[in-house]
Every structure is written in C-alpha cells, then in structure tokens.
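Here the working numbering runs 4 ahead of the position in the sequence shown, where the first position is 1.
Taking it in order: structure first as structure tokens, then the write-up.
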Amino acid sequence: MHGAYILFDIGGTKMRFTSSFDGKTFGEPKIIPTPKDFEDGMEIFCASARELSRGKKISAVAGGVAGTLDRARAVLVNSPNISGWVKKPLKEKLERDLGAPVYIENDTAVVGLGEAAVGAGKGFGIVVYVTVSTGVGGARIVGGKIDKSVFGFEAGHQIIDFHDSSGRLEGYISGAALERRSGKKPREITDEKIWDEEAQILAVGLHNSIAHWSPDIVVLGGSMVVKRPGISVDRVREYLQKIKTAYPEFPEIREATLGDVGGLWGALSFLNQRI
C-alpha cells in the first residue's frame, strides 16, 4: 500500500477524520465541530487530511456525510443539520483540492457497514442498522456491502400513524422529537414510562423495516439507544415479539458496539471495496 488513505465521518454536529497507512487500521481520530458554512468545512477538511497524511501522498479518501446524496453520490440534496452544504460540489471540490479520488456515502450507511464488518453485525449476511439519535436513520448491508439504492435509505421517514401523514417514526422517537414533547434534553428524562413507550414505538418501526428488508440481524445504535437513560434494547426485543409477523421468527436484535468510531471503521471497509 502506498501513500495515505483519509477516512472521514461528517455528522450534523461533529466531523471525525483519521488516516490509514496499511488499509487495516487507523490512528486516533481528529474531532472538530461541523461548520455550517460549506467553504469553511472544505477548508478544515483539506487541512485535516494533509495533516493526517504525515507528508505522504494522499491515495484516496472515503467516508460518510449526514444527509441524502444525489445518484452519483457527489452532492448533498438534503441535509437538515448542515443545510449550507446542500447542492454544493462536495466530491468535485475535495478531489480537486486533495488530488485523490473521493468516495462518499450517507453517514448512517457507512456506520452500518462498520458494524457489519467489525462490530455487532460481523458474520451475518444481511445486516440492518438503525440509529436513533437527534434523528432516525437506517441502512441495509448485504454481503459486506451497502445495498444498492437510488437515493439511500430513510427508515426514519416511514409513516407509522396513517391518520397523520406527518406521523413518521423519527417524529416520535428521535432525540429532537422527545425534547420537543417533554421540554427536556433526553439525558434529563428519568421517567421509565417514557423510555418504555419509546421502545414500543421503535419496535413497530423495526417490524416494518424487518418486513421490507428481511435481515439476519438488526443492529441498533445512536445516542438514544447506547447511552443511559435511553431506549432499552431488551424492551425493544420484548415488544417486537408481541407483534405478529409473516416470518417464522424475528431476526436477532443487538446493540451497536463500535461507538463513535463506527463511521471510520465503515469508511475503511468502504474504501477497501473501491481501491
């Protein structure tokens, strides 16, 4: 392997960067607040990439970004948390400024790939990853690769209340939704009844995703799941078992294991599939 590979994970609030020189491991991530302005973001991105390359030529760049990408995976077409990046030449600018090929996917899909490659979903053929954080996202990983799609996956936008067209899963169980309803930050909520209701609603959403995607395993991640107080994976399993299904059984449900570096492990796997 020659030169440096740059891995990134751009979320709505934080950006993580690291480098790999052997294609198998990566160094301590550099964590920076995500700028709202696109040009500021690109300046920080490129400066971080050059720093992490340690003077070596950058051979390729790969990672995930928060939002919906176009068909070519080159431009963000929707991203509520970094709206200033929408419809900007993300891939084109990075390739021009860094002089290397750049591979971009949705951040949730890349984290899901990481969990499938080296995390809770390792060893399973079809992995569904669902994250519950500020928003709700999901992805399907098949045979160790992000499943093909036109515009990515939006599990959080499934409608679970047919009386209200805005009654989407994300509007019930995301951190932002819970804060709107309660007037408190999720970490401040200690009422177990509220968290139990969140688990019940998430089970309904997972039932739908399982019915559509038929996975071997579902991996649950995001701050609303892995931090405490939060949504109990055990309670989600219990509620899921109470829902009738057309399948002989439900898949295994596990909590994500990679934490904040799931997106970087996914970026490494994503990169290796393209070089």
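Note that CB positions come from ideal geometry on N, CA and C, so glycine has one too.
Taken atom to atom, the span from the alpha-carbon of Ile150 to that of Leu117 is near 6 Å. In this structure, Gly68 sits away from Asp101, with a CB-CB distance that is not shorter than 7 Å.
Rounded to whole angstroms, the Cβ separation of Phe21 and Lys40 is 18 Å, and the two are not in contact under 8 Å. Here Ile214 carries a helix assignment [DSSP, helix/strand/coil].
Counted as a single uninterrupted DSSP element, the alpha helix (DSSP H) harbouring Glu99 occupies residues 94-102.
Excluding residues up to 5 positions away in sequence, Ile130 lie with their Cβ nearer than 6 Å to the Cβ of Val146 in the same chain. A distance of 7 Å or more separates the beta carbons of Arg258 and Ala51.
Distance from the CA of Glu99 to the CA of Gln162, rounded to the nearest whole angstrom, comes to 35 Å. Between the C-alpha atoms of Ile247 and Glu202 there is a straight-line separation of about 16 Å.
The alpha-carbon of Val222 is positioned some 29 Å away from that of Ile10. At the C-beta level, Val140 and Glu174 come within 7 Å of one another. Taking a C-beta distance under 7 Å as the contact criterion, Ser83 and Ala159 do not qualify as a contact pair.
Between Met46 and Lys97, the C-beta spacing is below 7 Å.
A Cβ-Cβ contact shorter than 7 Å links Met228 with Ser137. Closest by C-alpha distance to Gly209, out of Arg185, Tyr176, Ala271, Arg75, is Tyr176. If you compare the alpha carbons of Ala207, Lys18, Lys231 with that of Arg239, the shortest gap goes to Ala207. Scanning its chain for C-beta atoms nearer than 6 Å, with the 5 sequence neighbours on each side dropped, one finds around Thr135 the residues Thr112, Gly141, Gly225, Gly226, in chain order.
For Ser227, the enclosing alpha helix (DSSP H) covers residues 227-230. If you keep only unbroken beta strand (DSSP E) runs of at least 3 residues inside the region 31-119, you get 34-37, 62-69, 80-82, 106-110.
Arg232 counts as exposed, since fewer than 16 other C-beta atoms from the protein chains shown sit within 10 angstroms of its C-beta. Inter-residue distance for Leu56 and His216 is about 41 Å (C-alpha atoms, whole angstroms). Distances from the alpha-carbon of Pro37 to those of Pro190, Asp13, Leu73 put Asp13 closest. Across the set Ala180, Ile235, Glu183, Gln245, the C-alpha of Gln245 shows the shortest separation from the C-alpha of His211. Contact between Ser273 and Ala121 holds, with the beta-carbon distance rounding to 4 Å and staying under 8 Å. Judged by DSSP in its simplified three-state form, Tyr251 adopts coil rather than helix or strand. Closest in alpha carbon position to Leu80, among Arg241, Gly16, Ala104, Lys28, is Gly16.
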